[in-house]
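The next block holds one structure in the form of C-alpha cells; read it before the comments.
Protein chains: 2
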Amino acid sequence: MQFWKVHGARNDFVLVDETEEEVVPESDKPDFARWACDRRSGVGADGVVFIRSDPPSVEMRIFNRDGSEAEFCGNAARCVVKYVTEVRGENVKILRTLSGAHRVEVQGGWIAVEVPEAEIKKVVELGYEVDAGVPHFVRLTERDPIHDFGGLTDEAKTIFSEYEPKGGVNVTYAAPSVDELRVRTFERGVGWTPACGSGVVAASLVYSEIFGPFEEVSVRTAGGCLRVSLSDGPLLIGRAEIVYKGELRGDWRENTDHQRRRHSLSRSPSGRPRLQECR
Amino acid sequence: MQFWKVHGARNDFVLVDETEEEVVPESDKPDFARWACDRRSGVGADGVVFIRSDPPSVEMRIFNRDGSEAEFCGNAARCVVKYVTEVRGENVKILRTLSGAHRVEVQGGWIAVEVPEAEIKKVVELGYEVDAGVPHFVRLTERDPIHDFGGLTDEAKTIFSEYEPKGGVNVTYAAPSVDELRVRTFERGVGWTPACGSGVVAASLVYSEIFGPFEEVSVRTAGGCLRVSLSDGPLLIGRAEIVYKGELRGDWRENTDHQRRRHSLSRSPSGRPRLQECR
Numbered sequence: 001m002q003f004w005k006v007h008g009a010r011n012d013f014v015l016v017d018e019t020e021e022e023v024v025p026e027s028d029k030p031d032f033a034r035w036a037c038d039r040r041s042g043v044g045a046d047g048v049v050f051i052r053s054d055p056p057s058v059e060m061r062i063f064n065r066d067g068s069e070a071e072f073c074g075n076a077a078r079c080v081v082k083y084v085t086e087v088r089g090e091n092v093k094i095l096r097t098l099s100g101a102h103r104v105e106v107q108g109g110w111i112a113v114e115v116p117e118a119e120i121k122k123v124v125e126l127g128y129e130v131d132a133g134v135p136h137f138v139r140l141t142e143r144d145p146i147h148d149f150g151g152l153t154d155e156a157k158t159i160f161s162e163y164e165p166k167g168g169v170n171v172t173y174a175a176p177s178v179d180e181l182r183v184r185t186f187e188r189g190v191g192w193t194p195a196c197g198s199g200v201v202a203a204s205l206v207y208s209e210i211f212g213p214f215e216e217v218s219v220r221t222a223g224g225c226l227r228v229s230l231s232d233g234p235l236l237i238g239r240a241e242i243v244y245k246g247e248l249r250g251d252w253r254e255n256t257d258h259q260r261r262r263h264s265l266s267r268s269p270s271g272r273p274r275l276q277e278c279r
Numbered sequence: 280m281q282f283w284k285v286h287g288a289r290n291d292f293v294l295v296d297e298t299e300e301e302v303v304p305e306s307d308k309p310d311f312a313r314w315a316c317d318r319r320s321g322v323g324a325d326g327v328v329f330i331r332s333d334p335p336s337v338e339m340r341i342f343n344r345d346g347s348e349a350e351f352c353g354n355a356a357r358c359v360v361k362y363v364t365e366v367r368g369e370n371v372k373i374l375r376t377l378s379g380a381h382r383v384e385v386q387g388g389w390i391a392v393e394v395p396e397a398e399i400k401k402v403v404e405l406g407y408e409v410d411a412g413v414p415h416f417v418r419l420t421e422r423d424p425i426h427d428f429g430g431l432t433d434e435a436k437t438i439f440s441e442y443e444p445k446g447g448v449n450v451t452y453a454a455p456s457v458d459e460l461r462v463r464t465f466e467r468g469v470g471w472t473p474a475c476g477s478g479v480v481a482a483s484l485v486y487s488e489i490f491g492p493f494e495e496v497s498v499r500t501a502g503g504c505l506r507v508s509l510s511d512g513p514l515l516i517g518r519a520e521i522v523y524k525g526e527l528r529g530d531w532r533e534n535t536d537h538q539r540r541r542h543s544l545s546r547s548p549s550g551r552p553r554l555q556e557c558r
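Heads up: the sequence lines are chains A and B, in that order.
Position 230 of the first sequence, counted from 1, bears residue number 230 in our numbering, the numbering being contiguous throughout.
Offset between the second sequence (1-based) and our numbering: plus 279.
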C-alpha cells in the first residue's frame, strides 16, 4: 500500500490517493487513521487525508489521530493541492470537503485556499470571540507566543474551561509586531500546535479590526509563515511540503504493535488494561 | 534516496542501507539525523541507523535526534538484524558497533542480541547502582511503571540530579509481579521512553539478585515484551518491526522547513532567534 507524507506549516499528514481505486475500505478508515498517526509504530502524523482527484476539482476527506472525521483543515488543504499539482500533474481550482467547496489557487511556491468566512461575534474583557468556521477566543498579548508560550498555558486552560459548557473553544494568542502578527493556538482537545489555520484567520481579522483595516496580513507561526487575504475570500495562503513516498511492508492490520496496543487498551472486568501474555 | 522505517519496542529508527554505496556523506550524517528525526517535517524517529551488511556480520552506526553518535542501542540492533534477514535475505551472526562486536541470533519471531555485561556496583538506600554499559539507578516500586509513571517523575528527576555531577544516570523503575517484571526508564537527556534496552537488562539483574537467581527474566515495557537471558551473554531478546519503505522527494537539504528551523535557531547579536522574513 502506497502513501505520501506531507506537511503544511509543520501540521503533518499521511496522504492516501484513492483516485484510481479505494485503498482503505470505508469501515477501516478510522482504525487506519489511529494506526497511521502513531508516531512510533505507525507512520506518524496529525491526521490522514484520503483524496480523489477529478480536475478541475479534488475531494479531500480528513481523519484525526483518534479516528474521528473532521470537516476541513487549511493546512491539509494546501498539501492536497500541492500533491495533485506536482505529483499528479493536474490543475485544480476547487477543493471539495465535508464543509463544502473551497476555491484553491497555486501562486508560485505558495498555495491559496478559500477558508470559511470569519466573524467577530463578541468583544469581552480578555479578548474577542470569533467564529472562523470553528470557535476561537482571540487574545492579544505582548509576549512572543512562538517561543514564549509556556507561560500562557494556565490562562489558556482557564479560558478554555470557561467555554467548555458551550463545547469549548480554541484559544488563539496574537502578538502584533512591526510588520507581522505572531500567532499560536491552544487547540481544543489537542493543546498547543505549531500552526492552526483557523486560528491564524481569526487573529488576522481581529488585528485588521483594531489596527487596520488591512487587505492582507502576514502571520508568523511556530510552523512557518502564512498570509491571510481578508479582502478576497478570506484566503489562507502558505506553503506545503511533500516529504516522501512510502510503501507499507505487510498489512497494517497485522502490525503486532497496533494489535497489542488495541488489545491492551481493552479493559478487563476489573477495569485494569487487559495485557497480552509476554510470549 | 531510499530509507526504511523500523521500530523495536516502539523505539523507532530511520534505517539507511549503505552496503552498496554511501548514501549520506559522512559530514552530513549528523545534520541528516537532525532532519530525519523531526517528527513533523522530517520522517520522524528516535534515531537514524546506517548499516553495511557483510555476512556473517553487519555494521551498525547510530545517530541520536540531536545529531550525536551513540555507541550502541539494543532496540536498534534488533531492527538491523530483522532488516538484513528479511529484506536483504542474508544470515548474520555478528553485529559490529562502536561498542564492539555483539553476537546476534534470530529465534523465530524473536531476535536475540548480546548486550554489554551488567554489574551491580553499589546498593544504596533507595536502590541499586548498576553498570549496564551505561549507568542505571534501579529502583524497585509497587506502582505500575507502565501505566502509572507520572507520579514517579519528580523522584526520578531528584535521583537524576544527585548523579548529575557524575554525568547523570538513567533512572529505571521495576515492579515485580507474578510472572514478569514491569519496567520503565527515565532516560538521561530524554525523559520517559517506551522501552530502554539497557534499563531492562539492569532491572532484570537486580530482580534476579533479589528474587532469583533466574536464567531468564520476562519483562513488560510500555513498548511491548522483552526477555533477558542472564545465563548467556546477557542476551536482550525481543521483536522488531519493519513498518515501511520510503523514498525521499527531492533533496532533504533543500527542505525549506529544515532550513528555516536551522536559520531560525541561529542567534542574532541580541541573542534573540534570527527569523527569516515571512516572504
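Don't be surprised by glycine CBs; every beta carbon is placed ideally from N, CA and C.
Contact residues of the segment 500-520 of chain B toward chain A are Gly502, Gly503, Cys504, Leu505, Arg506, Arg518, Glu520 (C-beta to C-beta distance below 9 Å).
Closer than 8 Å to the CB of Pro145 of chain A there is not a single CB belonging to chain B. Look at Lys372 of chain B here: in three-state DSSP terms it is coil, with no helix or strand label. In the DSSP assignment, the residues bridged to Thr500 of chain B are B:Gly503. Using a Cβ-Cβ cut-off of 8 Å, Tyr523 of chain B counts as an interface residue toward chain A, since at least one Cβ of chain A sits closer than that to its own. Residues of the segment 295-329 of chain B with a C-beta less than 9 Å from any C-beta of chain A: Asp317, Arg318, Arg319, Ser320, Gly321, Val322, Gly323, Ala324, Asp325, listed in chain order.
Annotation: the continuous alpha helix (DSSP H) that includes Asp310 of chain B extends over 308-316. The continuous alpha helix (DSSP H) containing Lys361 of chain B extends over residues 353-365.
Judged by DSSP secondary structure, Glu247 of chain A falls within the beta strand (DSSP E) whose first and last residues are 241-248. Counting only Cβ-Cβ distances below 8 Å, Leu248 of chain A has contacts in chain B at Val522, Tyr523, in chain order. DSSP places Phe160 of chain A in the uninterrupted alpha helix (DSSP H) bounded by 153-163.
Taken through DSSP and simplified to helix, strand or coil, Gly321 of chain B comes out as coil.
Counting the other CB atoms within 10 Å of its CB gives Asn91 of chain A a total below 16, which places it among the exposed residues.
Taking C-alpha positions only, Arg532 of chain B is separated from Ser510 of chain B by approximately 47 Å. Burial of Val322 of chain B is indicated by the presence of at least 16 other C-beta atoms within 10 angstroms of its C-beta. With respect to chain B, the C-beta atom of Pro176 of chain A has no partner C-beta closer than 8 Å. For Ser231 of chain A, the secondary structure class from DSSP, reduced to helix, strand or coil, is coil.
Annotated as distal: Asp325 of chain B and Asp296 of chain B, with beta-carbon spacing of 8 Å or more.
Annotation for Glu105 of chain A: the continuous beta strand (DSSP E) segment containing it runs 100-107. When the Cα atoms are used, Tyr362 of chain B and Ala411 of chain B turn out to be separated by approximately 26 Å.
Between the alpha carbons of Glu129 of chain A and Leu248 of chain A lies a distance of about 44 Å. Residue pairing by DSSP leaves His426 of chain B without any beta bridge partner. Boundaries around Glu209 of chain A are those of the alpha helix (DSSP H), 197-211, since no beta strand (DSSP E) includes it. Rounded to the nearest angstrom, the gap between the Cα atoms of Gly287 of chain B and Val480 of chain B is 15 Å.
Val171 of chain A and Glu86 of chain A have their alpha carbons spaced roughly 35 Å apart.
Interface residue (Cβ-Cβ distance to chain B less than 8 Å): His7 of chain A is classified as such. Annotation for Trp110 of chain A: the continuous beta strand (DSSP E) segment containing it runs 110-114.
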